[in-house]
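What follows is a short report on a single structure.
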Amino acid sequence: MFGRRNKEMAEAAAVAADAFRKLDTALRTADERLRELAGLPQLHRFPAAYREKIVNDFTREFAPVRDTSQELMDVYARLAEDVPIIAASREKHLRKECTQTLWGMAARFDELAAAMNSLAASISGLTATVFQRLSDCDSLRVRAMQHVDAARGALDLAQQRGHDVSEGRRRLDRLISSAPVLTDGVIYEGWKRALESVIEGADQIRMQADALVRRARPQAQDA
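Here it is in structure tokens:
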């Protein structure tokens, strides 16, 4: 189709076609990553404002690059249909202009593909961060609940020994209420410190209840 005189044009056409395919793949990948992130069930364990922000931020970054890419790809598709005709033309300036256009498109395709690949990597990185943060949260929630259960057990034992532990139970209830993440698992700003406070408070209640149990006889003192 190109012949010897159109060797550079043939090379430019091949490079542009390869860059076109890479951009198309990058666009599809970024779009899939964004859809996966938006539909991630685990994301609902974060506040709605946070969910909307990260999805909207990525969408705003993705949309203009996608639109620009689609426009350029449409132009390329029309040009690709004319390439064989131009290659057969005797008009040297047309062949030269077409070759330069193909090189330019190839370079632009590469730039856009790099942007899309970077965006896809960022989305994947955030998705991994979401899972890691949930894992860290759940591990701390388990620890906190273990300390709460230990405090309850100590209060139960102190009550069995005849001690009044009503104040200790109220304190434990308030402690649990102060950290909603303990029961609903929804991550909010300060969730880690809230769970750490539950652990510290539950330990204090447990130790006070243990101290009551060690007494020889009931005293008029709350846990």
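Under the working numbering, think of the first position of the sequence shown as 779, with each following residue one higher. Where a beta carbon is used, it is the ideal one built from N, C-alpha and C, also for glycine.
Assuming residue i and residue j are in contact, meaning their beta carbons sit under 8 Å apart, how far apart are those beta carbons, in whole angstroms?
i: M883; j: L805; result: With 8 Å as the limit, M883 and L805 do not qualify as a contact, their Cβ atoms being about 15 Å apart.
i: A993; j: A928; result: Residue identity check: residue 993 is Arg in the sequence provided, not Ala. About 19 Å separates the two Cβ atoms, so there is no contact after all.
i: R919; j: L933; result: 21 Å between Cβ atoms; not a contact.
i: L818; j: T905; result: 7 Å
Thinking C-beta only, is residue j closer than 8 Å to residue i?
i: L850; j: V833; result: no
i: A980; j: H925; result: yes
i: A922; j: I965; result: no
i: T1002; j: L857; result: Outside the shown range of the chain (779 to 1001) lies residue 1002, about which nothing can therefore be said.
i: L890; j: S847; result: yes
i: A797; j: F887; result: yes
i: V959; j: Q820; result: no
i: A892; j: Y854; result: no
Return the chain-ordered list of same chain residues with a C-beta closer than 7 Å to the C-beta of residue i, the five sequence neighbours on each side being excluded.
i: A936; result: V943, A987, L990, V991, A1001
i: I864; result: L872, R873, C876
i: L953; result: V976, G979, A980
i: K970; result: L918
i: N784; result: A865, R873
i: E974; result: none
Can you find the residues in the same chain that come closer than 6 Å, C-beta to C-beta, to residue i, ignoring five residues on each side of it along the sequence?
i: A998; result: Note that A998 scores 48 on pLDDT, short of 50, meaning its location in the model is unreliable; the coordinates nonetheless yield the value given after this. Closer than 6 Å at Cβ, skipping near neighbours: no residue.
i: V861; result: A791
i: T807; result: A898
i: L950; result: A929, I983
i: F824; result: I965
i: R939; result: V991
i: K800; result: A891
i: E869; result: none
Which same chain residues, not among the five before or five after residue i, have their C-beta less than 8 Å away from its C-beta?
i: R911; result: I965
i: E786; result: T877
i: A827; result: none
i: D802; result: M851
i: R829; result: L821, H822
i: W881; result: A790, V793, A794
Contact the stretch 827 to 841 vs the stretch 893 to 911: 3+ CB pairs below 8 Å: yes
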